[in-house]
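Novice: The sequence shown runs contiguously to residue 152 in the numbering used here.
Backbone N, C-alpha and C define an ideal beta-carbon position, used for all residues, glycine too.
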Amino acid sequence: MKILQLNTGLFPDAQTVIAALRQMEAAHSVVSIDLRRQDMENEAWDKAVAAILASDLTITI
92 MKILQLNTGL
102 FPDAQTVIAA
112 LRQMEAAHSV
122 VSIDLRRQDM
132 ENEAWDKAVA
142 AILASDLTIT
152 I
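Below, the structure written as structure tokens:
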């Protein structure tokens with residue numbers, strides 16, 4: 092399964108979710124994108140949208 096983790100800074104218990112996803116990495120493909128960066132250009136946003144469309148599960152933290 093392709094799992095995408097979007098880091099937004101909106102989820103108060105993000106560390107617990109991140110720890111659970113790290114355990115899942117052995118069995119699944121887990122990709123993390125940090126959307127909190129102030130320097131994201133259009134190309135980075137395009138890659139984020141492509142990753143969302145390609146994932147089976149998107150988790151926003």
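What would DSSP say about Leu144, mapped onto helix, strand or coil?
Specialist: Reduced to three states, the DSSP call for Leu144 is helix.
Novice: Grab me the residues of Met115's own chain with a C-beta within less than 8 Å of its C-beta, minus the 5 sequence neighbours each way, in chain order.
Specialist: Around Met115: Ile94, Val121.
Novice: Does DSSP put Leu97 in a helix, in a strand, or in coil?
Specialist: DSSP places Leu97 in strand when its eight states are reduced to three.
Novice: In this structure, does DSSP put Asp104 in helix, strand or coil?
Specialist: DSSP places Asp104 in coil when its eight states are reduced to three.
Novice: If I measure Cβ to Cβ from Leu97 and keep anything under 6 Å in the same chain, skipping five residues before and after, which residues do I get?
Specialist: These residues qualify, in order along the chain: Ile124, Leu126, Thr151.
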